[in-house]
Amino acid sequence: MLKRKEYKFWFCTGSQDLYGDECLAHVAEHSRIIVEKLNKSGRLPYEVVLKPTLITNELIRKTFNEANMDETCAGVITWMHTFSPAKSWILGLQEYRKPLLHLHTQFNREIPYDTIDMDFMNENQSAHGGREFGHIFTRMNIERKVVVGYWEDEAVQKKIASWMRTAVGVIESSHVRVMRVADNMRNVAVTDGDKVEAQIRFGWEVDAYPVNEVAEAVEAVSDSDVKALTDEYYDTYEILLEGRDPEEFRRHVAVQAQIELGFERFLDENNYQAIVTHFGDLGSLKQLPGLAMQRLMQKGYGFGAEGDWKTAAMVRIMKIMTEGMKDAKGTSFMEDYTYNLVPGKEGILQAHMLEVCPTIADGPISIKVQPLSMGEREDPARLVFTSKTGPAVATSLIDLGDRFRLIINDVNCKKTEKPMPKLPVATAFWTPEPNLQTGAEAWILCGGAHHTAFSYDLTSEQMGDWAAAMGIEAVYIDKDTTIRGLKNELRWNDAAYRK
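Count along the sequence shown from 1, add 3, and you get the number used in our numbering.
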């Protein structure tokens, strides 16, 4: 199983020596208190580390370069306590390479009306200093996140926490390596793309392997290991024989156990965090990897089907962004299948041939063994369940030839009106915002894929912030979307992102 990294975020306060040592001592003490209380709030997923007050060009540049080199630092939170001349930040910002949050706050919540004097004004002038600081980012065209409000408020702390998860997604992007078994599904456009440009833009390494090289790792798994994992399956999930012979059923399940173990060992030994399979190229594998891929996703690996390396990488990043989240509802690879067009009950049935992550399951998870028309192999075992309900986000990263675009759709997951006893796959059912008609039309106009990286636990804001940090276009489809407005936005984006 992939392990969580213990990232930290540096807290850097901006000031200058115009108002003397006593003022700087207050600045440092206020910063210490803020960091201490942020860490004790229980709302932040990662630790905040206090750094010395930044008052000179040299110290700012040195601090930012140290942040670049520190592998545990996932980003910097900056606060302008007093006025900090923006020219002091230029060299440091030019060399800084990680996410940055501009916390626009002040130590005191309320103006001390009865005692306020010029000394207080000079010392507590975030409203002044934050604007100077913000100007240089805009002048230099550098991406940053701005959070405004009182630092002790729950809403502000939750915004910081949300950004931290996005920042970790940005940092982890440069560590994503995708193992692509075989090639893209023949004649399919949207799942393919420019892997060289993706490595330049996102840091992803996408490597192809002949299927039998991976199959050899599967064949090398010992019988005892296969038996142990098969026993675990039987202890964990409901077994739905549905008239099949119990011994024959278990043999089919054991094939998936062997695939899971072999693939995971191959991934770990070669340092891959995401995997892509293709039903049209299975080599010596006895079954299309189904249950095995579902379990690997549950362990944190990204997955994409039919050669879709972009979605595999996005699933991995989104799983990293949600890692350690309390009461997480799940993140998965998903695919649009069929519509329900009954007025008032509109929605899209989501599934795949086999590979939907069980983290999104609501209720019991069962194992079925059923024939599969594609792949020309024996009947594969798979986990079957229905998904949780509630708001979620579905994303599609597409390659337009001259740029990447991330399409972000808010969706509402629901229970289907009736059970589907003859459908032997895991499913979700959702209605896209603002409604099925507008949402589906908007998705098509944007060029969205039929595969998505889907999560109950992330927001459109977080995914948009990730896209902004990567320097790519983001298009939102949400409750405010209109087709007229979207068409204009796409035209403007074509001009803005033209190379």
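Cβ atoms here follow ideal geometry from the backbone N, Cα and C, with glycine treated the same way. Values in this document were obtained by computation on a predicted structure and should not be read as measured data.
For Phe205, the three-state DSSP class (helix, strand or coil): helix
Spatial neighbours of Phe136 within its chain, please: CB distance less than 8 Å, with the 5 preceding and 5 following residues excluded, ordered by chain position. Gly17, Thr81, Met83, Ser87, Ala89, Trp92 and His105
Beta carbon of Ala429, beta carbon of Val387: below 7 Å? yes
Apart from the five residues on each side of it in sequence, which residues of its chain come closer than 6 Å, Cβ to Cβ, to Cys449? Ile410 and Val478
Residue range of the alpha helix (DSSP H) that Phe136 falls in? Ser129 to Met143
Closest by C-alpha distance to Arg380, when choosing among Ala331, His281 and Pro361: His281
Whole runs of the beta strand (DSSP E) within the segment 408-450, excluding any shorter than 3 residues: 431-435
Taking a contact to mean a Cβ-Cβ separation below 7 Å, would you say Val193 touches Ala452 in this structure? yes
If you draw a straight line from the alpha carbon of His255 to that of Pro48, how long is it in whole angstroms? 41 Å
Tell me where the beta strand (DSSP E) around Asp339 begins and ends. Thr334 to Asn343
Could you tell me whether the segment 175-192 touches the segment 220-228, using the rule of 3 or more Cβ pairs below 8 Å? no
Taking 7 Å as the limit between beta carbons, can you name the residues of its chain near Gly467, skipping five residues before and five after? Ile411, Ala477 and Tyr479
Under 7 Å between C-beta atoms of Trp13 and Ala70: yes
Could I get the ranges of all uninterrupted alpha helix (DSSP H) runs contained in the segment 35-86, with 4 residues as the minimum, in chain order? 60-72
Straight-line Cα distance separating Arg112 from Val149: 18 Å
Quickly, what does DSSP pair Asp210 with across the bridge? List them, please. Met182
So within the segment 229-270, which uninterrupted alpha helix (DSSP H) runs reach at least 4 residues, ignoring any that extend past its ends? none
On the three-state DSSP scale, how would you describe Val224? coil
At least 3 beta-carbon pairs within less than 8 Å: the segment 324-334 vs the segment 457-465: yes
Residues near Gln9 in its chain [Cβ-Cβ closer than 6 Å; skip 5 each side]: Here residue 9 turns out to be Glu, not Gln, going by the sequence shown. Contacts found: none.
Rounded to the nearest angstrom, what separates Asp311 and Asn187 at their Cα positions? 7 Å
Confirm, please, whether the CB-CB distance from Lys421 to Leu243 is below 7 Å. no
Kindly indicate which residue of Pro361, Asn144, Thr59 and Lys482 has the alpha-carbon position closest to the one of Ser335. Pro361
If Ser463 sits next to Asp483, beta carbons under 8 Å apart, how far is it from one beta carbon to the other, in whole angstroms? No, Ser463 and Asp483 are not in contact; Cβ-Cβ is about 11 Å, not under 8 Å.
Should Val199 be labelled buried (16 or more other beta-carbon atoms within 10 Å of its own) or exposed? exposed
Would you mind giving the Cβ-Cβ distance between Tyr275 and Arg180, rounded to the nearest angstrom? I have them listed as a contact below 8 Å. 5 Å
Chain-order list of residues whose beta-carbon lies under 7 Å from that of Asn127 (same chain, five-residue window excluded): Gln109, Phe110 and Asn111
Which residues mark the beginning and the end of the alpha helix (DSSP H) in which Phe123 is found? Met121 to Glu126
Cα separation between Ile114 and Ser44? 24 Å
Spatial distance of Lys6 from Thr66 (CA atoms): 28 Å
Helix, strand or coil: how does DSSP classify Val387 here? strand
With a cut-off of 8 Å, do at least 3 Cβ pairs link the segment 161-176 to the segment 93-104? yes
Does DSSP put Cys360 in a helix, a strand or coil? coil
C-beta contact flag for Ala260 and Leu285 at 7 Å: no
Beta strand (DSSP E) segments (min. 3 residues) lying fully within the segment 455-497: 476-480
Close-in-space but distant-in-sequence residues of the same chain around Thr169 (CB under 6 Å, 5 per side omitted): Gln465, Asp468 and Trp469
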